[in-house]
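Trainee:
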Amino acid sequence: MIRSAIANQKGGVGKTTTAINLATALAASGFRVLLIDFDPQGNASTGLGVARNARERSVYQVLGGDVSLADAAIATSVPRLDIVAATQDLSAAEVELADMPDRAHRLDAAMTAAPARWEICLIDCPPSLGLLTLNALVAARGLLVPLQCEFFALEGMSQLLNTVELVRKRFNPSLSIVGVALTMYDRRNRLSEQVAADVRAVVGDLVFRTVIPRNVRLSEAPSHGLPALVYDHRCPGSEAYIALASELIARLPAPAVAA
Ligand code: ATP
Ligand code: MG
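Counting along the sequence shown from 1, when you hit position 208 you're at 212 in the working numbering, and nothing is skipped either side.
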């Protein structure tokens with residue numbers, strides 16, 4: 005199973021929107037996909053239509069070792085896409101994990117024990133570099149970083165890259181950055197263009213060619229409990245996520261592509 009974390013400690017940069025719509029696009033291209041909602045806010049779960057009272061089993065129990073990943077997975081309305089939901093008690097996990105000797109490896113262990121039911125797993129991280137994100141980076145092989153096209157886009161990037169280096173050295177040598185996705189790009193705004201150019205100058209080829217436009221359909225879809233790709237598959241936002249999924253597939257190791 006290919007495992008990718010979607011992380012950026014900055015809030016509101018499009019992590020969850022990317023997680024939901026990329027997962028949907030990958031499922032639509034035939035992959036069996038698992039999305040792990042790893043944020044106590046539970047936005048990915050809500051955005052995929054999993055009501056709070058339907059989250060009897062959640063990633064919190066998976067971290068605690070009480071429930072397996074397979075038993076926590078919930079089928080979504082998207083064929084081939086399952087989700088492990090998050091509940092607010094996941095915020096307590098940051099504190100509870102601190103006392104555990106294997107605190108950085110809890111998610112990795114749960115994923116390693118999971119059956120080969122899924123080909124790709126995406127992990128939607130919370131906006132912090134705490135123990136939850138650490139668990140995601142230890143469990144993942146790839147990291148996808150959404151960057152919002154605004155003035156402070158690159159602020160925090162060096163801290164994130166330092167964290168990746170540290171995780172690589174201490175916990176997970178196989179972690180690498182699969183790509184940086186520019187989000188909320190506004191064609192009418194010169195700043196967006198400038199930020200995109202700056203990011204490409206600093207991060208180079210790691211930046212995906214596909215840029216996610218600012219598109220109101222992307223922000224409306226979650227209130228209907230649907231990925232934008234289902235809510236309006238022809239809106240510019242959906243088309244961009246389909247293109248981003250193709251780029252991502254091209255960057256994945258060969259076995260996943262052949263599967
Ligand atoms: P958090 O750090 O709180 O988890 P996040 O990084 O997951 O946030 P999102 O929740 O995906 O970010 O997006 C933040 C807000 O911006 C949401 O209201 C979302 O609907 C909206 N949004 C995200 N991407 C776009 C876009 N391309 N166009 C318009 N609105 C967007
Ligand atoms: Mg989010």
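Every residue gets a Cβ at the ideal spot worked out from N, C-alpha and C, and that includes glycine.
Confirm the yes/no value for this check: CB of N12, any heavy atom of the ligand MG, distance under 7 Å.
Mentor: Every heavy atom of the ligand MG is 7 Å or more from the Cβ of N12, so no.
Trainee: Once you ignore the five residues that flank S95 on each side, which residues in its own chain have a CB closer than 6 Å to its CB?
Mentor: Answer for S95: P44, listed in chain order.
Trainee: Express the C-alpha separation of A108 and P119 in angstroms, rounding to a whole number.
Mentor: C-alpha separation (whole angstroms): 21 Å.
Trainee: Please output, in chain order, the residues near the ligand ATP using a CB cut-off of less than 5 Å to any non-hydrogen atom of the ligand.
Mentor: Result (chain order): G15, G16, V17, G18, K19, T20, T21, P131, M188, I216, R218, N219, L222 and S223.
Trainee: Leaving out five residues on either side along the sequence, give the residues of the same chain with a beta carbon under 6 Å from the beta carbon of Q65.
Mentor: Contacts found: V71.
Trainee: Helix, strand or coil for V211, going by three-state DSSP, please let me know.
Mentor: If DSSP states are grouped into helix, strand and coil, V211 belongs with the strands.
Trainee: In three-state DSSP terms, what is S81?
Mentor: Three-state DSSP puts S81 in coil, outside helix and strand.
Trainee: Rounded to whole angstroms, what's the CA-CA distance from D202 to L186? Just pull it up for me.
Mentor: Spanning the two alpha carbons is a distance of roughly 11 Å.
Trainee: Below 7 Å, is the gap between the Cβ of Q65 and the nearest heavy atom of the ligand MG?
Mentor: Q65: no, Cβ never under 7 Å from the ligand MG.
Trainee: With a threshold of 6 Å on Cβ separation, who are the neighbours of L30 within its own chain once the five nearest residues in sequence on each side are excluded?
Mentor: Only V37, I124 and A249 meet the Cβ criterion.
Trainee: Please confirm whether any heavy atom of the ligand MG lies closer than 7 Å to the CB of N193.
Mentor: No, the ligand MG has no heavy atom inside 7 Å of this Cβ.
Trainee: Regarding N139 and the ligand MG, is the C-beta to nearest heavy atom distance less than 7 Å?
Mentor: Because no heavy atom of the ligand MG lies under 7 Å away, the Cβ of N139 does not count as near it: no.
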